[in-house]
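Here is the structure we will look at, set down as structure tokens.
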Amino acid sequence: MSAYPSIDTDVLRTFVAIADQGGFTRAGEMVNRTQSAVSMQMKRLEEDVLQRQLFERDGRQVRLTAEGQVLLGYARRILKLHSEVFNTLREPHMVGTVRIGTPDDYVMRFLPGILSRFAQFYPLIQIEVHCESTRQLLQRTDLDLSIVTREPGNEIGQLLRKERFVWAEAQNFSAHEQTPLPLAMFNSDCFCRLWACNALDAMGREYRIAYNSTSLSALMAVVSAGLAITAQLESLITPDMRILGANEDLPLLPEASIMLIRNLNNPSPITECLAEHIVEGFKL
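The UniProt record's numbering applies: residue 1 is where the sequence shown begins, and numbers increase by one.
As structure tokens, then:
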């Protein structure tokens with residue numbers, strides 16, 4: 001019996017990139033190959049190796065056929081296993097647990113992509129995520145890494161990014177016109193809430209804390225319903241909301257610094273590796 005033809009992992013990686021990017025040109029940029037080289041790889045895969053049509057082409061747009069969808073599932077699994085083998089055998093010390101603390105703000109916006117990419121490279125490392133306010137995280141000594149929000153001039157640790165703190169409300173609603181102004185804010189131990197209230201007090205704008213929660217998703221749900229306005233980092237504002245300012249008689253808020261703090265009493269290679277992924281993830 002003749003053996004089945006083999007598929008190189010580089011070819012599978014290119015195939016997955018095409019599926020994810022929706023085209024040969026963008027996929028080529030991801031895998032550092034020219035568009036013509038990508039096309040040649042896929043032509044050989046379709047015609048010589050599998051003898052199945054994997055793509056439906058519509059101009060520059062590329063969609064997977066039913067056979068292509070089947071291959072995509074296998075390709076992702078094969079590449080994941082390939083990565084696990086190399087990470088396990090080449091870096092056997094990269095096994096263990098990392099405890100990371102972060103405010104709820106960053107869990108939805110930044111962590112999914114960061115943790116997903118990290119897991120692809122180091123599948124044997126377990127990550128514990130603790131969601132607490134910056135004030136609570138600064139009091140803990142059992143975490144390996146903490147992501148915290150700080151006022152400029154009071155930064156500690158490594159700067160991940162600086163961001164504007166802004167007012168926002170739902171599109172097509174006018175909660176900002178109410179008196180007193182209804183606010184949806186984090187609990188009282190969040191100093192970002194203190195910034196917002198102090199700014200309103202300074203300009204003499206009457207307000208009330210209409211909704212109070214430790215959950216960003218809960219606050220955003222309230223704001224999206226048009227029941228209140230909120231004050232959050234600009235990157236957390238969703239497309240169904242609009243940023244408010246002086247035209248709505250609201251004060252300018254300070255810029256925030258997002259910082260990464262390492263536990264220097266318990267350094268380890270896996271902690272530093274995750275720290276590097278976090279730094280890169282906050283640049284995106």
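Where a beta carbon is used, it is the ideal one built from N, C-alpha and C, also for glycine. The structure presented is a predicted model; accordingly, all values stated were derived computationally and were not measured.
Assuming Trp167 and Ile229 form a contact by the criterion Cβ under 8 Å, report the distance between their Cβ atoms to the nearest whole angstrom. The residue labelled residue 167 in the question sits at position 167 within the sequence shown. The residue labelled residue 229 in the question sits at position 229 within the sequence shown. About 6 Å separates the two Cβ atoms, so the contact holds.
Closest residue to Phe186 among Arg140, Ala225, Leu137 and Ser133 (Cα-Cα distance): Taking the first residue of the sequence shown as 1, we reach residue 186 at position 186. Considering only alpha carbons, the answer is Ser133.
Spatial distance of Arg99 from Gln41 (CA atoms): Counting from 1 along the sequence shown, the entry for residue 99 is found at position 99. Counting from 1 along the sequence shown, the entry for residue 41 is found at position 41. Near 42 Å, if we compare the C-alpha coordinates of Gln41 and Arg99.
Determine the direct distance from the alpha carbon of Ser146 to that of Asn263, and round the result to whole angstroms. As a position in the sequence shown, residue 263 is number 263, starting the count at 1. As a position in the sequence shown, residue 146 is number 146, starting the count at 1. In a straight line, the C-alpha of Asn263 is about 8 Å away from that of Ser146.
When the Cα of Ser235 is compared with those of Tyr207, Asn198, Glu272 and Glu163, which residue comes out closest? Your numbering for residue 235 matches position 235 in the sequence shown. Looking at the Cα atoms, Glu163 is the closest of the given residues.
By Cβ distance, which residues of its chain are closer than 8 Å to Pro182, with the 5 residues on each side in sequence left out? The residue given as residue 182 occupies position 182 in the sequence shown. Cβ neighbours of Pro182 beyond the five flanking positions: Ala175, Tyr207, Arg208, Ala210, Tyr211, Leu227, Ala228 and Ile229.
Rounded C-alpha distance that separates Ser2 from Val49: For the purposes of this step, residue 2 is identified with residue 2 of the sequence shown, where counting begins at 1. For the purposes of this step, residue 49 is identified with residue 49 of the sequence shown, where counting begins at 1. Annotation note: pLDDT 47 at Ser2 (below 50); position unreliable, no value reported.
Other residues of its chain near Val62: CB distance less than 7 Å, five sequence neighbours each side excluded: The count along the sequence shown starts at 1 and reaches residue 62 at position 62. Answer for Val62: Ile18, Gly22, Gly23, Phe24 and Phe55, listed in chain order.
Ser268 to Ser116 span [Cα, whole Å]: Within the sequence shown, residue 268 is the residue found at index 268, counting from 1. Within the sequence shown, residue 116 is the residue found at index 116, counting from 1. About 21 Å.
Identify, in the order they occur along the chain, each residue of the same chain with its Cβ nearer than 7 Å to the Cβ of Arg242, setting aside the five sequence neighbours on each side. Translated into the one-based positions of the sequence shown, residue 242 becomes position 242. Excluding sequence neighbours, Arg242 sits near Ala168, Glu169 and Gln171.
Could you tell me which of Ala202, Thr271, Pro5 and Leu79 sits nearest to Val16, measuring between CA atoms? For this step, residue 16 is matched to residue 16 along the sequence shown. Of the candidates Ala202, Thr271, Pro5 and Leu79, the one whose C-alpha sits nearest the C-alpha of Val16 is Leu79.
With contact counted as at least three CB pairs below 8 Å, one residue from each stretch, are the stretch 65 to 74 and the stretch 25 to 38 in contact? no
Going by CA-CA distance only, name the one from Ser257, Ala225 and Leu200 that's closest to Ala246. In the sequence shown, the residue the question calls residue 246 occupies position 246. When each option's Cα is compared against that of Ala246, the closest is Leu200.
Within its chain, find whatever has a CB closer than 6 Å to the CB of Asp20; leave out the 5 residues flanking it on each side and keep chain order. In the sequence shown, residue 20 corresponds to position 20, counting from 1. Nothing listed; no residue qualifies.
CB-CB length for Thr214 against Asp105, believed under 8 Å: Within the sequence shown, residue 214 is the residue found at index 214, counting from 1. Within the sequence shown, residue 105 is the residue found at index 105, counting from 1. Actually they do not touch by this definition, with Cβ atoms about 11 Å apart.
Using beta-carbon positions only, say whether Ala189 and Thr271 come within less than 7 Å of one another. As a working note, residue 189 is residue 189 in the sequence shown. As a working note, residue 271 is residue 271 in the sequence shown. The question names Ala, yet the displayed sequence has Asp at residue 189. No, the pair does not count as a contact, with Cβ atoms beyond the cut-off.
Keeping to the same chain, check which residues put their C-beta closer than 8 Å to that of Leu12; ignore five residues upstream and five downstream. One-based indexing of the sequence shown puts residue 12 at position 12. Ala75, Ile78 and Leu79, listed in sequence order.
DSSP on Ile114, reduced to helix/strand/coil? Taking the sequence shown and counting its residues from 1, one reaches residue 114 at position 114. Helix, per DSSP.
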